Amino acid sequence: MEYIDDSLSPTVLITTALAVATAALAATPAQAQDRSLWLYSGESTSVEGYLGYGETVYGSCDEDCMDMDLYLYDAFTGELVYEDSAIDSTPFVVAPWEGDFVIEVTMPNCAHPEGCAAWVSSDHGF
């Protein structure tokens, strides 16, 4: 009778652990994604993305930024569906439904003549 060692080798254990970890990561929601931008005072740009119902998109900017605004548009109709134009540097907008959107980022007031760094992120990445 032949003896078969059925214990797992270190290679099999590592491979199994990596497969389990990869599956666990794939099953979780995406981490927030930052879009890094550089805007001068009075300038604007747009970014596009797919957002879930109720997903928040938020902006922030560097210490030279006095005001930053976000406008959320339906990507298909171009209709403005949400805006944050308050005079602050931390705007946010919320997707009223799941779908494709365009986020317009404006920099009404940047104190530095060379522009301001700005970031746009969302709850689940877009």
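Residues 43 to 168 in the numbering used here are what the sequence shown spells out, letter by letter.
The C-beta atom is built at its ideal place from N, Cα and C for all residues, glycine as well.
For clarity, every value in this text was computed on a predicted model and none was experimentally measured.
Exercise. How would you write the range of the beta strand (DSSP E) that D91 sits in, first residue to last?
Worked result: First, the amino acid is wrong: residue 91 is Gly here, not Asp. Looking at the DSSP string, the run of the beta strand (DSSP E) that includes G91 is 85-93.
Exercise. How far does the beta strand (DSSP E) with P155 in it reach, from first residue to last?
Worked result: Where P155 is concerned, there is no enclosing beta strand (DSSP E), given that its DSSP letter is neither H nor E.
Exercise. Considering D116, what are the terminal residues of the beta strand (DSSP E) in which it resides?
Worked result: 107-116
Exercise. Cα separation between E121 and Y115?
Worked result: 5 angstroms
For this session: To the nearest angstrom, report how far apart L79 and T119 are at their CA atoms.
Result: 25 angstroms
Problem set entry | Residue span of the beta strand (DSSP E) that contains T22, given as start and end | The structure shown does not extend to residue 22, since the chain spans only 43 to 168, so no value can be given for it.
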